[in-house]
Amino acid sequence: MVAVTTIAYNTDLSVYTGERMARIDKYYNPNLRWEMLRMINIGVDFGLFNNRITGSVEYYTKKGVTYLVRRL
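Counting in full-length UniProt numbering, the sequence shown runs from 1 upward without gaps.
Structural data, given as structure tokens:
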């Protein structure tokens, strides 16, 4: 699937004209859309004992909302 129709040139020569031929390589798909994602990123940075001990905790998730193919 592509967003635009593409054309490729054959390496073969036409039997009628002796010239290289062009052909449609991939067809445009009007239903092709950008994938939509749902992302969550939560983080906390901390320091203890006058910043002698520091650290961070982070939670991250990424989930596809729309897909290019239909799920079974």
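For every residue, glycine included, the Cβ atom is placed at its ideal position computed from N, Cα and C.
| Check | Outcome |
| --- | --- |
| Give me the Cβ distance between Thr66 and Arg33, rounded to the nearest whole Å; I'm assuming they're in contact under 8 angstroms. | 7 angstroms |
| With DSSP run on the structure shown, which of helix, strand or coil describes Gly18? | coil |
| What residues match up with Leu48 in a beta bridge as DSSP calls it? | Ile53 |
| Considering only DSSP beta bridges, list what Thr6 is partnered with. | Lys26 |
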